[in-house]
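Working notes for the structure below.
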Amino acid sequence: MGETSGKCKENNSLTGYRGKCDGLPHQRYSSRSIGVTHVRSESSPAARFITRLTWDALPREVIDRAVMCLTDTLAAMLAGRTTRSARITADLAHAWWPAGAASSIVSGRRLAPGGAAFANAVAANAVDIDDCGIYTWGHPGAQVVPAALALAEEHRLSGRELITAIVIGYEIAFRAGRCLNHEQSAVHSAERTYRACGSWGSVACAAIACHVLGLDETTTRHALGIAEYDSPDLPMMRAIDTPGMVKHGVGFGALTGLLSADLARRGFTGIEPGLDLEEFRPFVDDLGHDYYLPRGITWKRFSSCAWTHPALLAVEELRTRHPLAPESIERVVIATYPDAVRLGTRRPETTEEAQFNLAWPVAAMLVDGKVGPEQVGDSSLGSEAIAGLARRIDVVVSEELSRRYYLSEINDPEGSDSAEVTVTLTDGTVLSSGRVDHVLYPEPGWTWDDMREKFTWLASGRLEPASVPRLLEALADVESADDSSILMRDLASCLIPVPTEQGVPS
Numbered sequence: 001m002g003e004t005s006g007k008c009k010e011n012n013s014l015t016g017y018r019g020k021c022d023g024l025p026h027q028r029y030s031s032r033s034i035g036v037t038h039v040r041s042e043s044s045p046a047a048r049f050i051t052r053l054t055w056d057a058l059p060r061e062v063i064d065r066a067v068m069c070l071t072d073t074l075a076a077m078l079a080g081r082t083t084r085s086a087r088i089t090a091d092l093a094h095a096w097w098p099a100g101a102a103s104s105i106v107s108g109r110r111l112a113p114g115g116a117a118f119a120n121a122v123a124a125n126a127v128d129i130d131d132c133g134i135y136t137w138g139h140p141g142a143q144v145v146p147a148a149l150a151l152a153e154e155h156r157l158s159g160r161e162l163i164t165a166i167v168i169g170y171e172i173a174f175r176a177g178r179c180l181n182h183e184q185s186a187v188h189s190a191e192r193t194y195r196a197c198g199s200w201g202s203v204a205c206a207a208i209a210c211h212v213l214g215l216d217e218t219t220t221r222h223a224l225g226i227a228e229y230d231s232p233d234l235p236m237m238r239a240i241d242t243p244g245m246v247k248h249g250v251g252f253g254a255l256t257g258l259l260s261a262d263l264a265r266r267g268f269t270g271i272e273p274g275l276d277l278e279e280f281r282p283f284v285d286d287l288g289h290d291y292y293l294p295r296g297i298t299w300k301r302f303s304s305c306a307w308t309h310p311a312l313l314a315v316e317e318l319r320t321r322h323p324l325a326p327e328s329i330e331r332v333v334i335a336t337y338p339d340a341v342r343l344g345t346r347r348p349e350t351t352e353e354a355q356f357n358l359a360w361p362v363a364a365m366l367v368d369g370k371v372g373p374e375q376v377g378d379s380s381l382g383s384e385a386i387a388g389l390a391r392r393i394d395v396v397v398s399e400e401l402s403r404r405y406y407l408s409e410i411n412d413p414e415g416s417d418s419a420e421v422t423v424t425l426t427d428g429t430v431l432s433s434g435r436v437d438h439v440l441y442p443e444p445g446w447t448w449d450d451m452r453e454k455f456t457w458l459a460s461g462r463l464e465p466a467s468v469p470r471l472l473e474a475l476a477d478v479e480s481a482d483d484s485s486i487l488m489r490d491l492a493s494c495l496i497p498v499p500t501e502q503g504v505p506s
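If you're matching positions, the sequence shown starts at 1 in the UniProt record's numbering and goes up one per residue.
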């Protein structure tokens, strides 16, 4: 899961995927509340930005953040490539798409860009350790980066062209997500109906393809309209209640975007895109002037839904203060907000159920001291140490933390995403974390050293060890590459083969 928002407070104001802190009164911009249908715009700031953006216009901080986004998403793709969902998707991609120029992160083989973007997007989100983006309520990188990489291989883009395409994808993702789900921040969790990542990701990936293909503004508007109209519906809260491999629909977001641009290029027409509607002009007029990327991306250390992260941070804090042997723990109570409680405590049977669960990651943190792909992977679901502790975890809705959670969605300075964890030991000792806040967009944010550490961690066992420093060096200097497709070809050549199992080819 993810979270996103606007420029709320100085530090933890940018609080998450829920479309928080629009900075706009929702009733003013809701077509339902003003009693009209949508009003068409005669101009398109989005199409103008997509078609005209050049490398020379990009601020240095935007470039640096885009390179880190590329690195983080590649790490997430590596982490997810061994999952059943990634292997099934890659197998289908090779069956349905012909051989081509774009690399599959699962097989290392090459196929047409649509198939590669589809399969690699699923891998990127498969273990929920990919980035979270402002206003989107979800994961932009898992769609933007696979789409951009597939097109970069197909069209032999330079490193600068690749980074420019990635920036376009993110900036459009933030705004498309905001247009699509902006009213949901005023709705309490039991009534939420927001649409998951592939819905707005289709538009973001269409934007990337339009830029790479060199489409004009009119054709780009059609592509955005096609992508929005044909985007998957993706009822996110139903995926919380019954998790499956569908997750956030990122594979279909990437694929729909690429198809939409190609259709428009051939003369297919679309609806007026939401990005061009007058009611959403305040969301898009700043394109090319105010880049959200430097302040609107958060990277994850835990392989689980972001709603679990306040509780995981609380457990981390407790573990630094107290020696907590799992066998000495009698009971754990997690007090938090309703969206997090909705994740539940049922014992997971799949990695997707483990990621969308509150008790399992917390138990894993108490047992292993970390929550990575291994802790939520299928091979760990039989761990009786984690399962036994998870059975001793209760989750409750805190009235105070719920109040703060909903305040954060309306840009109140008192708002926060928080949890409090209380541990009772077998000797009767009671330990409390106190309120712990998950600051999604801290300042200062991650450094390149932090990103290098994450990439190295997730590449372990998935890439030939000797290749990791070389690939990190290439990523750090990607803007100097005359042909960025070399990056994916090099990475694909260093993949450790995925073990096969009956019914799931590698």
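Glycine is no exception: its CB is placed at the ideal position from the N, C-alpha and C atoms.
Identify every residue that forms a DSSP beta bridge with residue i.
i	result
Leu-111	Ala-102
Arg-331	Thr-424
Ser-418	Asp-437
Gly-138	Gly-133
Leu-495	Leu-463
Leu-431	Val-423
Val-396	Ala-335
Arg-195	Pro-235
Please name the residue, chosen from the options, that lies closest to residue i on a Cα-to-Cα basis.
i	options	result
Cys-197	Thr-336, Gly-249, Ala-239 and Asp-482	Gly-249
Glu-353	Ala-176, Val-203, Asp-378 and Val-468	Asp-378
Arg-60	Leu-407, Ser-432, Ala-223 and Val-167	Val-167
residue 507	Arg-404, Leu-425 and Thr-424	In the structure as shown, the chain begins at 1 and stops at 506. Residue 507 is therefore absent and cannot be evaluated.
Ile-208	Thr-242, Arg-435 and Tyr-170	Tyr-170
Ile-105	Ala-466, Ala-459 and Pro-469	Ala-459
Thr-228	Ile-410, Ala-390 and Ala-204	One point to set straight first is that residue 228 is Glu, not Thr, in the sequence displayed. Per the Cα distances, Ala-204.
Thr-256	Ser-231, Glu-272, Gly-270 and Ile-271	Ser-231
Arg-301	Leu-293, Pro-310 and Arg-295	Pro-310
Ser-432	Pro-444, Val-333, Asp-477 and Cys-494	Val-333
residue 584	Val-371, Asn-125 and Leu-74	Shown here, the chain extends from 1 to 506; a query on residue 584 therefore has no answer.
Ala-261	Val-439, Ile-297 and Ala-206	Ala-206
Arg-331	Trp-446, Leu-389 and Arg-266	Leu-389
Ala-474	Leu-487, Asp-450, Pro-444 and Pro-465	Leu-487
Glu-374	Gly-461, Ile-410 and Gly-445	Gly-461
Arg-321	Ile-496, Gly-434, His-211 and Val-376	Gly-434
Ile-297	Arg-175, Arg-109, Glu-399 and Gly-445	Gly-445
Pro-294	Ile-63, Ser-44, Ser-43 and Arg-48	Ile-63
Ala-147	Gly-201, Leu-463 and Ala-76	Gly-201
Tyr-292	Thr-220, Thr-429, Arg-178 and Ala-476	Arg-178
Thr-345	Val-430, Asp-241, Gly-270 and Ala-306	Asp-241
Arg-452	Ser-43, Ala-75, Ala-57 and Ala-46	Ala-75
Gly-267	Arg-221, Gly-251 and Arg-175	Arg-221
Reducing DSSP to helix, strand and coil, say where residue i ends up.
i	result
Arg-238	helix
Ile-166	helix
residue 526	The chain is shown from 1 up to 506; residue 526 falls before or after that span and cannot be answered.
Arg-221	helix
Asp-230	coil
Ile-486	helix
Arg-48	helix
Ile-297	strand
Trp-307	helix
Leu-312	helix
Ile-271	coil
Glu-42	coil
Asp-285	coil
His-26	Caution applies to His-26, whose pLDDT of 33 falls short of 50 and renders its modelled position unreliable; the value that the coordinates give is listed next. In this structure, His-26 counts as helix in the three-state DSSP scheme.
Tyr-292	coil
Leu-277	coil
His-322	coil
His-94	helix
Met-451	helix
Thr-89	helix
Phe-302	coil
Ala-123	helix
Am I right that residue i and residue j are in contact with their C-beta atoms under 8 angstroms? What's the rounded C-beta distance?
i	j	result
Asp-437	Ser-303	21 angstroms between Cβ atoms; not a contact.
Val-423	Leu-312	Contact flag wrong, Cβ pair sits at about 14 angstroms.
Gly-80	Ala-123	4 angstroms
Pro-348	Leu-381	6 angstroms
Cys-132	Leu-440	7 angstroms
Val-315	Met-365	5 angstroms
Ser-485	Arg-110	Going by Cβ atoms, the distance from Ser-485 to Arg-110 rounds to 10 angstroms, so no, they are not a contact pair.
Ala-306	Gly-270	Actually they are not in contact, since the Cβ atoms of Ala-306 and Gly-270 sit about 32 angstroms apart, beyond 8 angstroms.
Ala-150	Ala-102	4 angstroms
Counting pairs of Cβ atoms below 8 angstroms between the segment 109-120 and the segment 338-350, do you hit three or more?
no
Counting pairs of beta carbons, one from the segment 281-288 and one from the segment 49-66, are three or more of them closer than 8 angstroms?
yes
Are at least three pairs of beta-carbons, each pair with one atom in the segment 125-144 and one in the segment 261-281, less than 8 angstroms apart?
no
Could you say if the segment 391-403 and the segment 355-372 meet the contact criterion of at least three C-beta pairs nearer than 8 angstroms?
yes
Below 8 angstroms, can you find three or more Cβ-Cβ pairs linking the segment 61-76 to the segment 151-164?
yes
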